[in-house]
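Encoded as structure tokens, the structure appears first; notes follow it.
Number of protein chains: 2
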Amino acid sequence: MAAAVEFAKSPAEVLRVGPGFSLASVDPQSTPGYTGNKADGKALLEAQDARLAELQEKLFAEGRAGSEKRLLLILQAMDTAGKGGIVSHVVGAMDVQGVQVSAFKAPTDEEKSHDFLWRIEKQVPAAGMVGVFDRSQYEDVLIHRVHGWADASELERRYAAINDFETRLAEQGTTVVKVMLNISKDEQKKRLIARLDDPTKHWKYSRTDLAERAFWDDYMAAYDLAFEKTSTDVAPWHVVPANKKWYARIAVQQLLLDALEGLDLDWPKATFDVAAERALVADS
Amino acid sequence: MAAAVEFAKSPAEVLRVGPGFSLASVDPQSTPGYTGNKADGKALLEAQDARLAELQEKLFAEGRAGSEKRLLLILQAMDTAGKGGIVSHVVGAMDVQGVQVSAFKAPTDEEKSHDFLWRIEKQVPAAGMVGVFDRSQYEDVLIHRVHGWADASELERRYAAINDFETRLAEQGTTVVKVMLNISKDEQKKRLIARLDDPTKHWKYSRTDLAERAFWDDYMAAYDLAFEKTSTDVAPWHVVPANKKWYARIAVQQLLLDALEGLDLDWPKATFDVAAERALVADS
Numbered sequence: 001m002a003a004a005v006e007f008a009k010s011p012a013e014v015l016r017v018g019p020g021f022s023l024a025s026v027d028p029q030s031t032p033g034y035t036g037n038k039a040d041g042k043a044l045l046e047a048q049d050a051r052l053a054e055l056q057e058k059l060f061a062e063g064r065a066g067s068e069k070r071l072l073l074i075l076q077a078m079d080t081a082g083k084g085g086i087v088s089h090v091v092g093a094m095d096v097q098g099v100q101v102s103a104f105k106a107p108t109d110e111e112k113s114h115d116f117l118w119r120i121e122k123q124v125p126a127a128g129m130v131g132v133f134d135r136s137q138y139e140d141v142l143i144h145r146v147h148g149w150a151d152a153s154e155l156e157r158r159y160a161a162i163n164d165f166e167t168r169l170a171e172q173g174t175t176v177v178k179v180m181l182n183i184s185k186d187e188q189k190k191r192l193i194a195r196l197d198d199p200t201k202h203w204k205y206s207r208t209d210l211a212e213r214a215f216w217d218d219y220m221a222a223y224d225l226a227f228e229k230t231s232t233d234v235a236p237w238h239v240v241p242a243n244k245k246w247y248a249r250i251a252v253q254q255l256l257l258d259a260l261e262g263l264d265l266d267w268p269k270a271t272f273d274v275a276a277e278r279a280l281v282a283d284s
Numbered sequence: 001m002a003a004a005v006e007f008a009k010s011p012a013e014v015l016r017v018g019p020g021f022s023l024a025s026v027d028p029q030s031t032p033g034y035t036g037n038k039a040d041g042k043a044l045l046e047a048q049d050a051r052l053a054e055l056q057e058k059l060f061a062e063g064r065a066g067s068e069k070r071l072l073l074i075l076q077a078m079d080t081a082g083k084g085g086i087v088s089h090v091v092g093a094m095d096v097q098g099v100q101v102s103a104f105k106a107p108t109d110e111e112k113s114h115d116f117l118w119r120i121e122k123q124v125p126a127a128g129m130v131g132v133f134d135r136s137q138y139e140d141v142l143i144h145r146v147h148g149w150a151d152a153s154e155l156e157r158r159y160a161a162i163n164d165f166e167t168r169l170a171e172q173g174t175t176v177v178k179v180m181l182n183i184s185k186d187e188q189k190k191r192l193i194a195r196l197d198d199p200t201k202h203w204k205y206s207r208t209d210l211a212e213r214a215f216w217d218d219y220m221a222a223y224d225l226a227f228e229k230t231s232t233d234v235a236p237w238h239v240v241p242a243n244k245k246w247y248a249r250i251a252v253q254q255l256l257l258d259a260l261e262g263l264d265l266d267w268p269k270a271t272f273d274v275a276a277e278r279a280l281v282a283d284s
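Structure follows, in structure tokens:
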């Protein structure tokens with residue numbers, strides 16, 4: 001098998017949200033940093049699965065040995081953008097024992113009676129773990145802004161609270177990878193219709209999807225503002241063009257690989273006398 | 001590719017713990033109900049991954065649509081018996097979004113200040129989910145019996161409490177699959193030595209493994225008693241010979257497949273007018 005076509009430029013750089021960023025400047029159909037085609041992308045995804053799994057196991061092993069390192073992937077997107085596919089096809093390559101997926105839906109009455117970060121804090125990954133947030137604290141500055149459930153000053157409080165929260169996570173040893181999967185409004189229409197045309201997918205369709213779709217432009221504005229306020233050095237945002245599912249998957253895979261590589265992970269050294277222990281086992 | 005060699009007899013039957021069962025009667029090297037060899041077993045495992053994943057997705061989908069069905073796999077075993085391998089190689093075929101793995105280690109001070117089922121209850125799977133317990137409430141009648149941390153009357157209370165608890169789970173819609181992975185004492189020695197001979201596995205070795213190994217016969221007696229007291233009609237035990245990892249994996253896979261098949265799962269029907277919704281999306 002030929003070597004897989006790799007990224008020419010790192011997604012961590014080309015997809016990173018910097019000052020002055022605007023969603024309007026990104027083509028959801030594009031494949032930044034990658035010159036390969038769909039077949040190349042699929043081959044790359046598969047070729048890197050084992051590496052991703054090994055890095056995750058090392059992270060888990062270090063956690064057992066006392067390291068505080070952990071990883072948190074935050075996924076935000078409009079409906080049908082492919083969050084679920086990222087979790088099953090990218091994160092799914094890791095060992096399920098070391099991964100904790102948290103899907104944040106409409107808050108319960110109890111959750112609503114607390115500050116918005118209360119339910120989030122309970123789901124942050126423990127040392128050695130990979131946490132995945134399918135939606136997150138950002139709902140509280142996205143859907144809440146779009147529908148006016150929070151006023152301007154409350155939104156400002158939340159942006160600042162999120163930045164404080166993520167700074168604290170980073171100080172605790174958490175590498176935070178924030179990803180917005182960016183599909184076009186036309187692509188969403190195609191995917192919603194495809195769901196409706198497939199009886200095995202009807203359960204994924206909700207009439208509220210269509211209601212939220214009507215606020216598309218407001219959501220884009222809310223995302224742009226959230227990026228401006230919360231794409232920080234400790235926890236930058238990445239906007240991943242997602243009309244091509246295969247591209248979104250390799251881009252997120254590469255972001256995870258880069259994040260894990262950056263942790264300088266290794267198998268923990270034995271804290272006991274290996275030869276002595278081996279002799280004891282052999283005699284047992 | 002030739003069709004995979006399937007089980008000649010159902011593991012749910014041949015591995016089920018019935019009246020008068022004794023661990024001494026099971027050969028950990030055997031492959032009950034399966035006539036194929038290692039290569040056949042590996043091929044079967046892979047061949048059935050997609051079916052397992054589809055059933056799990058249907059379970060998840062039904063949960064979204066209001067069904068109370070859920071699945072709980074309880075794994076108990078001596079160290080190195082392969083619990084982790086079952087989770088990563090069998091459960092790992094399912095979508096990580098629909099699976100919740102809970103590893104029960106030595107209880108915290110807070111957990112100890114509650115009844116033994118307190119921490120267990122918090123980890124039972126929600127509707128539509130597959131829960132996996134890596135160790136479980138059974139530690140409280142196994143290690144506690146072996147080391148005399150609970151006296152005879154307290155152990156009796158716990159067996160009864162466990163049966164009440166599992167009956168309640170079943171009444172709530174939970175299918176409970178209880179598995180003890182059964183390795184021989186010699187096989188454990190080989191595996192402990194293999195861990196010590198591989199620096200990438202040192203983190204998996206604990207000096208307490210050797211201490212517990214010294215109580216092997218007491219553990220076997222504690223397991224036999226636990227089986228006698230808690231292998232019920234609603235939640236029977238299955239003892240899976242586990243010296244051959246490939247066999248243990250296909251046996252547990254088949255137990256999960258049978259459990260899920262028994263739930264008569266299907267894709268939920270749409271609760272909305274599909275054609276009308278499609279027209280609205282097309283116009284949006």
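Same order as they appear, the protein sequences are chains L and P. No gaps in the numbering here: position 188 of the first sequence is 188 in the UniProt record's numbering, and each next residue is one more. No gaps in the numbering here: position 147 of the second sequence is 147 in the UniProt record's numbering, and each next residue is one more. No residue lacks a Cβ here, since even glycine has one placed at the ideal position from N, Cα and C.
Below 7 Å on C-beta distance, what does P:Ser10 contact in chain L? Residue 10 of chain P sits at position 10 when you count from the first residue of the second sequence. Per Cβ cutoff of 7 Å: no residues; P:Ser10 is ~26 Å from chain L at best.
Check whether the region 265-283 of chain L and the region 182-196 of chain P touch, using three or more Cβ-Cβ pairs below 8 Å as the test. yes
To the nearest angstrom, report how far apart L:Tyr219 and L:Gln56 are at their CA atoms. Start at 1 with the first residue of the first sequence, and residue 219 of chain L comes out as number 219. Start at 1 with the first residue of the first sequence, and residue 56 of chain L comes out as number 56. So the two alpha carbons sit approximately 34 Å from each other.
So, does the CB of L:Leu256 fall closer than 9 Å to a CB anywhere in chain P? Your numbering for residue 256 of chain L matches position 256 in the first sequence. False, the Cβ-Cβ gap to chain P never drops below 9 Å.
Three-state class that DSSP yields for L:His238 in the structure shown: In the first sequence, counting from the first residue as 1, residue 238 of chain L sits at position 238. Three-state DSSP puts L:His238 in a strand.
Of all the CB atoms in chain L, is at least one closer than 9 Å to the CB of P:Trp118? Translated into the one-based positions of the second sequence, residue 118 of chain P becomes position 118. P:Trp118 does not count as touching chain L.
I'd like the list of long-range same chain contacts for P:Ala74, defined as Cβ closer than 6 Å, with 5 residues on each side in sequence excluded. Residue mapping note: residue 74 of chain P aligns to position 74 of the second sequence, counting from 1. The sequence as given places Ile at residue 74 of chain P; Ala does not occur at that position. Answer for P:Ile74: Phe133, Ser136, Lys178, listed in chain order.
According to DSSP, is P:Asn243 part of a helix, a strand, or is it coil? Locating residue 243 of chain P in the second sequence gives position 243, counting from the first residue. Coil, per DSSP.
Beta-carbon separation (whole angstroms), P:Ala8 vs P:Ala242, contact threshold 8 Å: Stepping through the second sequence from its first residue, residue 8 of chain P is reached at position 8. Stepping through the second sequence from its first residue, residue 242 of chain P is reached at position 242. About 19 Å separates the two Cβ atoms, so there is no contact after all.
Answer yes or no: does any C-beta atom of chain A fall closer than 9 Å to that of P:Leu192? Within the model displayed, chain A is absent; protein chains L and P are what it includes.
Give me the residue from P:His114, P:Glu228, P:Pro268 with the minimum Cα distance to P:Ser22. By one-based count along the second sequence, residue 22 of chain P stands at place 22. It is P:Glu228 whose Cα lies nearest to the Cα of P:Ser22.
Partners in chain L for P:Ser30, counting only beta-carbon separations shorter than 7 Å: One-based indexing of the second sequence puts residue 30 of chain P at position 30. Result: empty, since nearest Cβ-Cβ is about 24 Å, beyond 7 Å.
Count the other CB atoms, across all protein chains shown, that sit within 10 Å of the CB of P:Asp217; report buried if there are 16 or more and exposed otherwise. The residue labelled residue 217 of chain P in the question sits at position 217 within the second sequence. Classification for P:Asp217: exposed.
Within 9 Å of any Cβ in chain P, is that where the Cβ of L:Lys204 sits? If you number the first sequence from 1, residue 204 of chain L lands on position 204. It does; some Cβ of chain P falls within 9 Å.
Please specify which runs of the beta strand (DSSP E), each continuous and at least 3 residues long, are wholly inside the region 94-128 of chain L, giving them in chain order. 99-103
Contact set for P:Met94: own chain, Cβ-Cβ below 7 Å, skip 5 residues either direction: In the second sequence, residue 94 of chain P corresponds to position 94, counting from 1. These residues qualify, in order along the chain: Leu52, Ala53, Gln56, Val130.
Using a Cβ cut-off of 9 Å (strictly closer), state whether L:Asp134 contacts chain P. The residue you call residue 134 of chain L lines up with position 134 of the first sequence. Interface residue, yes.
Short of 6 Å in beta carbon distance, which residues of its chain neighbour P:Phe215, apart from the five on each side in sequence? Order them along the chain. Stepping through the second sequence from its first residue, residue 215 of chain P is reached at position 215. Counting only Cβ-Cβ distances below 6 Å, and skipping sequence neighbours, we find Val146.
Where does P:Ala150 fall in DSSP's three states? In the second sequence, residue 150 of chain P corresponds to position 150, counting from 1. In this structure, P:Ala150 counts as coil in the three-state DSSP scheme.
Touching by the beta-carbon criterion (3+ pairs, under 8 Å), the region 35-51 of chain P and the region 3-17 of chain P: yes
Going along chain L, which residues have a C-beta under 9 Å from P:Pro199? Counting from 1 along the second sequence, the entry for residue 199 of chain P is found at position 199. The contacting residues are Trp267, Lys269, Ala270, Val274.
How would you call L:Phe272, buried or exposed, if buried means at least 16 neighbouring beta carbons within 10 angstroms? Residue mapping note: residue 272 of chain L aligns to position 272 of the first sequence, counting from 1. The residue in question, L:Phe272, is exposed, as its Cβ has fewer than 16 Cβ neighbours within 10 Å.
Which residue's Cα is closest to the Cα of L:Asp258: L:Val176, L:Lys189, L:Ile162, L:Arg213? On the first sequence, position 258 is the one that residue 258 of chain L refers to. For L:Asp258, the nearest C-alpha among the options comes from L:Val176.
Does any C-beta atom of chain L lie closer than 9 Å to the C-beta of P:Ser187? Within the second sequence, residue 187 of chain P is the residue found at index 187, counting from 1. Correcting the residue identity first, residue 187 of chain P is Glu in this sequence and not Ser. Output row for P:Glu187: interface = no.
Who are the Cβ neighbours of P:Val101 in its own chain at under 7 Å, not counting the five residues just before and after it? To locate residue 101 of chain P, count along the second sequence from 1; it is residue 101. The answer, listed in chain order, is Val87, Val132, Asp134.
My assumption, with CB atoms under 8 Å, is that P:Asn182 sits in contact with P:Val240. Please give the rounded CB distance. Against the second sequence, residue 182 of chain P aligns to sequence position 182. Against the second sequence, residue 240 of chain P aligns to sequence position 240. With a Cβ gap of about 6 Å, P:Asn182 and P:Val240 count as contacting.
I think P:Gly173 touches P:Ala221, with their Cβ atoms under 8 Å apart; what is that distance to the nearest whole Å? Here the question's residue 173 of chain P lines up with position 173 in the second sequence. Here the question's residue 221 of chain P lines up with position 221 in the second sequence. In fact, because the Cβ distance is near 34 Å, the residues do not count as touching under 8 Å.
Specify the secondary structure class of L:Asp164 as computed by DSSP and reduced to three states. One-based indexing of the first sequence puts residue 164 of chain L at position 164. Residue state, collapsed to three classes: helix.
For L:Gly92 and L:Phe60, which I take to be in contact (beta-carbon distance under 8 Å), what is that distance rounded to the nearest angstrom? Position 92 of the first sequence, counted from the first residue, corresponds to residue 92 of chain L. Position 60 of the first sequence, counted from the first residue, corresponds to residue 60 of chain L. Not confirmed; about 16 Å, so no contact.
DSSP beta-bridge partners of L:Arg16: Start at 1 with the first residue of the first sequence, and residue 16 of chain L comes out as number 16. Partner(s): L:His238.
Residue range of the beta strand (DSSP E) that includes L:Asp49: Within the first sequence, the letter at position 49 stands for residue 49 of chain L. Element bounds for L:Asp49: not the beta strand (DSSP E) but the alpha helix (DSSP H), 38-64.
So P:Ser88 contacts chain L; which residues on that side make the cut at Cβ distance below 8 Å? Residue mapping note: residue 88 of chain P aligns to position 88 of the second sequence, counting from 1. Those are Asp95, Val96, Gln97, listed as they occur along chain L.
In this structure, does DSSP put P:Arg213 in helix, strand or coil? As a working note, residue 213 of chain P is residue 213 in the second sequence. Helix.
Out of L:Asp224, L:Gly262, L:Asp233, L:Pro19, state which residue places its alpha-carbon closest to the alpha-carbon of L:Val141. Looking up residue 141 of chain L in the first sequence gives position 141. Ranking L:Asp224, L:Gly262, L:Asp233, L:Pro19 by Cα distance to L:Val141 puts L:Asp224 first.
I'd like to know whether the C-beta of L:Arg64 is nearer than 9 Å to at least one C-beta of chain P. The residue given as residue 64 of chain L occupies position 64 in the first sequence. Cβ-Cβ to chain P under 9 Å: yes for L:Arg64.
Alpha carbon to alpha carbon, how far is L:Pro107 from P:Gln253? Give it in angstroms, no decimals. As a working mapping, residue 253 of chain P is identified with position 253 in the second sequence. As a working mapping, residue 107 of chain L is identified with position 107 in the first sequence. Taking the straight line joining both Cα atoms gives about 35 Å.
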